[in-house]
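Worksheet: one structure, shown below.
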Amino acid sequence: MGLKLAFKAFFKCLGKNPESEQIAKLLEPGEAKQLEAPKPTFSTSAQLLASLQKEGRFVDFLQEDLSGVDDATVGSVSRGVQEGCRKVLKQYLTLAPVLTDEENSTVTVEEGFDAHRISLVGKVEGDPPFKGTLRHHGWLLEKDELPKMGAPNVLLPAEVEL
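Be aware that the sequence shown starts at 303, since it is given in our numbering, and climbs by one per residue.
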């Protein structure tokens, strides 16, 4: 790419045109500008995964092939994973139900409902209001205080015991 660009600039400079003047200005001696390295970006999903991995070994658990492991062992291991992951949710996130009604109770979904908050399942016909059975109350994220990561793509550093 550099050689191709150099040839393009060379041939642009042969004539009198605005581009040749711009190229000449770029080549004038002067103080080089310091460019800042781009700051790493941390995705929220990576922050959450890192926290779940650190406290509950969540990624390890999901990546493990459990097909040959007996149910009792899977059960005891999953208890530790669940406890660690639950700790992360309680420590860093504030969750609330989307609907506060009891599950399996009858609810009415009014016209103009937010489809991001309420998902209609089953046989959906006609127009709101809809009456149905609340199968799951859903979850809202009210507050997110996930810890910042050291590196944007390292969920948990490798551990080396000495």
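Even for Gly, the Cβ is constructed at its ideal location relative to N, Cα and C.
Since the model is a prediction, treat every value here as computed from it, not as a measurement.
Whole-angstrom Cβ separation of residue i and residue j, contact assumed at under 8 angstroms?
i    : j    : result
T396 : K445 : 4 angstroms
T408 : K433 : 6 angstroms
G440 : P399 : 6 angstroms
L413 : P431 : This sequence places Glu at residue 413; Leu is not what is there. Contact holds; Cβ gap of about 6 angstroms.
K314 : E323 : With 8 angstroms as the limit, K314 and E323 do not qualify as a contact, their Cβ atoms being about 10 angstroms apart.
L457 : V361 : 6 angstroms
E405 : H438 : 6 angstroms
Give the DSSP bridge partners of residue i, in chain order.
i    : result
L329 : DSSP, once it has assigned bridges, lists no residue as partnering L329.
L395 : D446
F432 : V411
Let's test the definition: count the other Cβ atoms within 10 Å of the Cβ of residue i and tell me whether it reaches 16, buried, or not, exposed.
i    : result
A460 : exposed
L350 : buried
A417 : exposed
A530 : In the structure displayed, the chain extends from 303 to 464; residue 530 sits before or after that span and is not available.
L436 : buried
A299 : The first residue shown for the chain is 303 and the last is 464, placing residue 299 beyond what the model contains.
F312 : exposed
A308 : exposed
Would you give the residue range spanned by the alpha helix (DSSP H) that residue i belongs to?
i    : result
K466 : The requested residue 466 does not occur in the structure, where the chain is confined to residues 303 to 464.
T346 : T346 to G358
Start and end of the beta strand (DSSP E) containing residue i?
i    : result
F415 : First-last for F415: undefined, no H or E at that position.
V462 : No beta strand (DSSP E) holds V462; DSSP gives it neither H nor E.
K318 : From DSSP, K318 is part of no beta strand (DSSP E); its letter is neither H nor E.
Could you tell me whether any non-hydrogen atom of the ligand GTP is closer than 7 angstroms to the CB of residue i?
i    : result
S345 : The ligand GTP is absent from the structure shown, which contains no ligands of any kind.
Query raised in the report: How about the region 383-390 and the region 352-359: do they share at least three Cβ pairs that are nearer than 8 angstroms?
Result: yes
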